[in-house]
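Each residue of the sequence shown is one higher than the one before, starting from -16 at the first, in this note's numbering. The C-beta atom is built at its ideal place from N, Cα and C for all residues, glycine as well. These notes are about the structure you will find just below.
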Amino acid sequence: PMERVVDMFSAGEHRIYTSKNLGRVSLNPTAFKDGNFSLVIKDVRMNDRGLYFCNLHHLYCHLYETVRVQLNVTKSRRKEQRFWDGQKAVYVVLVGSTAVLPCINRRTVWTDWSNEEEDQQVVHWDRQPPGVRHDLADRLVDLYASGEQRSYGPRFLQTKMNISNQAFSKGDFSLTISDLQATDQGTYSCHLHHHYCGLHERREFRVKVEPPLIQATEMVKALPGQDKDSTKAESPEVITVILPDQKHNILLLLGYVLSSLLLLAFIILIIILVTRQRQAKEFYPKASMRSNRSYSSSDECEIEVREVCRQERRLDFKNNLLRESAHASTQPKLIDLDKEMQKFSK
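Right under this line is the structure:
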């Protein structure tokens, strides 16, 4: 398990957690001035070996840094050495000697504890006109946490651009531009600097100024019976024209187009139905005539078939004698009336 050895605060207070380290373990009293937070261990013992962590915490700036040092203890003076193993520093010291485990950080955030923190916090706005590089941008205004505000450029720019004096208390660093003109367009950048904590942020905004909506103006005409006063200028009458929303216009136009297409499709459908109906009327009489013809031809065929069948039935006999008798019976009998009358007279 990890063991806490010593704590040191910016006010100079020390806190040692185990009694065995009292008088043996210490830190530089001027650590928060010169940035030397090295741990000093006197009368090194064998049980002092291990991995040591130097943790730097800045609660105000939310900064956390850690330095690791490996301590090994030896009984041979020839084995004393210092080297870097690729991840941390390794110190091999002689038992009973004094070891100094390095932890040095001279950044301003750890060493500058002056009372001028408000001067370390500043926000400034820059303006980059179209076609100008960002490194040639014009400085507009600076605002410090103390409330001091500095404006740059011509006087009219200083009066139309400003930041709220409560920006740092509310966290709102917005730039207000009054009487916006076409010359005000460009790229605006907001820079937030906390020099004390070493924090920097930058945000960009592109401003494009377009002409106002079209407004129709009409001069007031004098009545025929009134005389014009040349000394007084005619007051123009301004008529405000409210244009409908472009999205609404697009939807309305789309509705017109769709309704026109539906009407055209309906007309085409009616034309197709009428033409098909006419074609059907022309087609059905021909079909009836063809059907009558087919019926008559079929009747004729049936009559012929019947006659043929009758003939076949008449000629279908078992032998020639029957056929001759049938022919004889079917042949008409000739009667001579004169001879018959003579017979009756006798």
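Option in the options with minimal Cα separation from residue i
| i | options | result |
| --- | --- | --- |
| residue 126 | 143, 116 and 106 | 106 |
| residue 146 | 138, 160 and 136 | 160 |
| residue 187 | 165, 171 and 242 | 171 |
| residue -5 | 13, 128 and 9 | 13 |
| residue 9 | 244, -10 and 48 | -10 |
| residue 184 | 191, 156 and 166 | 156 |
| residue 117 | 189, 193, -13 and -3 | 189 |
| residue 122 | 136, 129, 249 and 31 | 136 |
| residue 167 | 144, 154 and 149 | 144 |
| residue 112 | 79, 90, 128 and 165 | 165 |
| residue 91 | 181, 57 and 239 | 181 |
| residue 65 | 84, 80, 79 and 78 | 84 |
| residue 120 | 325, 31 and 173 | 173 |
| residue 176 | 69, 56 and 108 | 108 |
Extent of the continuous beta strand (DSSP E) to which residue i belongs
| i | result |
| --- | --- |
| residue 82 | 82 to 84 |
| residue 152 | Where residue 152 is concerned, there is no enclosing beta strand (DSSP E), although the alpha helix (DSSP H) it sits in stretches over 150 to 153. |
| residue 77 | 72 to 77 |
| residue 197 | Looking at the DSSP string, residue 197 is not in any beta strand (DSSP E), and its letter there is neither H nor E. |
| residue 106 | 104 to 111 |
| residue 127 | 121 to 127 |
| residue 160 | 158 to 160 |
| residue 134 | 132 to 134 |
| residue 64 | 64 to 67 |
Opening and closing residue of the alpha helix (DSSP H) in which residue i lies
| i | result |
| --- | --- |
| residue 94 | 91 to 94 |
Whole-Å CB distance - residue i paired with residue j, under 8 Å assumed
| i | j | result |
| --- | --- | --- |
| residue 163 | residue 86 | Between residue 86 and residue 163 the Cβ distance is about 54 Å, and since that is not below 8 Å, they are no contact. |
| residue 50 | residue 37 | 4 Å |
| residue 103 | residue 0 | Actually they are not in contact, since the Cβ atoms of residue 103 and residue 0 sit about 34 Å apart, beyond 8 Å. |
| residue 76 | residue 82 | 4 Å |
| residue 39 | residue 88 | 6 Å |
| residue 33 | residue 54 | 6 Å |
| residue 94 | residue 151 | Wrong, their Cβ atoms sit about 24 Å apart, outside the cutoff. |
| residue 24 | residue 7 | 6 Å |
| residue 78 | residue 62 | About 11 Å separates the two Cβ atoms, so there is no contact after all. |
| residue 71 | residue 52 | 6 Å |
| residue 124 | residue 133 | 7 Å |
| residue 110 | residue 169 | 5 Å |
Bridge partner(s) assigned by DSSP for residue i
| i | result |
| --- | --- |
| residue 169 | 190 |
| residue 184 | 175 |
| residue 259 | DSSP lists no partner for residue 259. |
| residue 88 | For residue 88, which the question treats as bridged, DSSP gives no partner whatsoever. |
| residue 144 | 160 |
Cβ-heavy atom distance, residue i to the ligand SAH, below 6 Å
| i | result |
| --- | --- |
| residue 56 | In terms of ligand content, the structure shown is empty, and the ligand SAH therefore cannot be addressed. |
Min CB distance residue i to chain C below 7 Å
| i | result |
| --- | --- |
| residue 158 | The structure shown has no chain C; it contains just one protein chain. |
Exercise. Considering only residues of the stretch -15 to 60, which uninterrupted beta strand (DSSP E) runs meet the minimum length of 3 residues and lie entirely inside it, listed in chain order?
Worked result: -11 to -9, -3 to -1, 8 to 10, 22 to 24, 33 to 41 and 46 to 57
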